[in-house]
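These notes are about the structure you will find just below.
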Amino acid sequence: MFKSNDRQINTGLLIMRMAIAMMTLWVVVPRLKGGAAAWNSFAADLPLLGTMGPGPTAGLIMLIILVAGAASLASGYFFRPSCLLYGLVYGIFTLDYLAAGYKTLPLYSGTLCLVCLGLVLTGPGKFSISVKIERK
């Protein structure tokens, strides 16, 4: 059914999806559980979020987007829209880090932005829940 090369490509996509999702959840879930103070802290770290409204609300919205995107990346459901959102979120992080004068942080967030935009083009691969459901 799968050729060896197809299996390697799909396994690589699975590893990338899971790694981005798990690392995002590792950072985001404690802040989400932290309540309004943690949400405000998250929004305060990103000045561009100030355009969305008061701190706790903007932080909560961004954290919910990140958690929903991580679930989507892990499962492969709504994969392309969530990768677009992640690209936008990491783009915002990159711009905020550049504005704050950081030298290396924009490199990492910019790379993740481009990886997420690249995943929009490749899709989730064969090892995703949506592919399994569509086959039935």
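In terms of the numbering used here, the sequence shown is residues 15 to 150. By construction, the Cβ of each residue, glycine as well, lies at the ideal position given by its N, Cα and C atoms. Owing to the predicted nature of the structure, the values given are computational and were not obtained by experimental measurement.
Taking 8 Å as the limit between beta carbons, can you name the residues of its chain near residue i, skipping five residues before and five after?
i	result
I79	L99 and V103
P44	A52
Apart from the five residues on each side of it in sequence, which residues of its chain come closer than 7 Å, Cβ to Cβ, to residue i?
i	result
L109	L62
G4	An answer regarding residue 4 cannot be provided, because it is not within the stretch 15 to 150 covered by the chain.
P120	T108, Y111 and L112
Tell me whether the beta-carbon of residue i lies closer than 9 Å to the beta-carbon of residue j.
i	j	result
P138	L27	yes
C97	L87	yes
T25	G83	no
V134	G101	yes
L77	L46	yes
D20	K117	no
A85	A35	yes
Per DSSP, what kind of secondary structure is residue i in: helix, strand or coil?
i	result
P61	helix
S123	helix
S142	coil
Y100	helix
Y111	helix
F93	helix
T136	helix
T71	helix
Excluding five sequence neighbours on each side, which residues of the same chain lie with their C-beta closer than 6 Å to the C-beta of residue i?
i	result
G132	none
S142	G90
In chain order, which alpha helix (DSSP H) runs of at least 4 residues are fully inside the segment 17-58?
-> Here the runs fully enclosed are 18-47.
Would you call the segment 49-63 and the segment 82-93 in contact, with 3 or more CB pairs under 8 Å?
-> Contact between the segment 49-63 and the segment 82-93 is absent, because fewer than three Cβ pairs lie under 8 Å.
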